[in-house]
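A.B. asks: For the sequence shown, the working numbering assigns the number 905 to the initial residue and increments by one for each residue that follows.
Built from N, CA and C at the ideal position, the CB exists for glycine as well.
Note that the structure is a prediction, hence the values are computed from the model and not measured.
Starting off with a structure, shown below.
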Amino acid sequence: MATVLSVSGSPSATSRTQRLLRHLDRRLLAQGHQVTPLDVRTIPAEALLGADFRHPAIVEATELFARADGVVVGTPVYKAAYSGVLKALLDLLPQYALTGKTVLPLATGGSTAHVLALDYALRPVLNSMGAAHIVQGWFTLDKELTVREDGSLTVAPAADEALGHVVDQFSAALGRTPLLAAAG
């Protein structure tokens, strides 16, 4: 099966977005994929904001993208766009870091007014980075995600079903997408 990089673009240590990604990672693991989580907030701020391409954390993140067959990108929506920490990371990756990769964009937010952030803010950037195939993304309302006292996540049944469907589509697309040589 495929190698999947699961990227949380949330700056928060108590992020529902990050918890949602780890919830979806378990589904991908059950389907036989190898999943590597990457929480952008764990990359040192001085490396991200200082554009330190040689910082070990940036080098490692770049290598994780290079090794992945598919990438799940999750972000909270702030001011109708994806998070600044995610933007900082994407800016430091090679221009065509997603060449030959299948990508699943996901977002969380407090209002359906932000649902188009996936298509009008995140998708164009992912496309410009050479993604071979960007599958249908999904926006999940914060109210559909409940963090329990033990830190685990409960997803509202309808949202969980919809998310399961888009993850299954992503998983199926991983098997159909030919891997292209990285742009040089």
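When you compare each of V1019, D1072, L1002, F957 to K983 by their alpha carbons, which one comes out closest?
C.D. replies: Closest by alpha carbon: V1019.
A.B. asks: How many angstroms separate the CA atom of H1039 from the CA atom of S919?
C.D. replies: According to the sequence shown, residue 1039 is Val rather than His. Their backbone Cα atoms lie some 24 Å apart in a straight line.
A.B. asks: For V981 and M905, I'd like the C-alpha separation in whole angstroms.
C.D. replies: Whole-angstrom Cα-Cα distance: 31 Å.
A.B. asks: For G913, is the classification buried or exposed, using 16 other Cβ atoms within 10 angstroms of its Cβ as the cut-off for buried?
C.D. replies: G913 should be labelled buried.
A.B. asks: Scan the region 993-1042 and note each continuous beta strand (DSSP E) run of 3 residues or more that stays entirely inside, going in chain order.
C.D. replies: Listed in chain order, they are 1006-1013.
A.B. asks: Taking DSSP as the reference, what is the three-state secondary structure of T1058?
C.D. replies: Correct three-state label for T1058: strand.
A.B. asks: Let me check one thing: in DSSP terms, what residues is A985 bridge-paired to?
C.D. replies: A985 is bridged to Y982.
A.B. asks: According to DSSP, which residues form a beta bridge with G974?
C.D. replies: In DSSP, G974 forms a bridge with V908, T1006.
A.B. asks: Between which two residues does the alpha helix (DSSP H) containing D863 stretch?
C.D. replies: Residue 863 lies beyond the residue range present for the chain, which begins at 905 and ends at 1088; the question has no answer from this structure.
A.B. asks: Measuring alpha carbon to alpha carbon, tell me which of G936, A951, A972, L952 ends up nearest S910.
C.D. replies: Closest option to S910, Cα to Cα, is A972.
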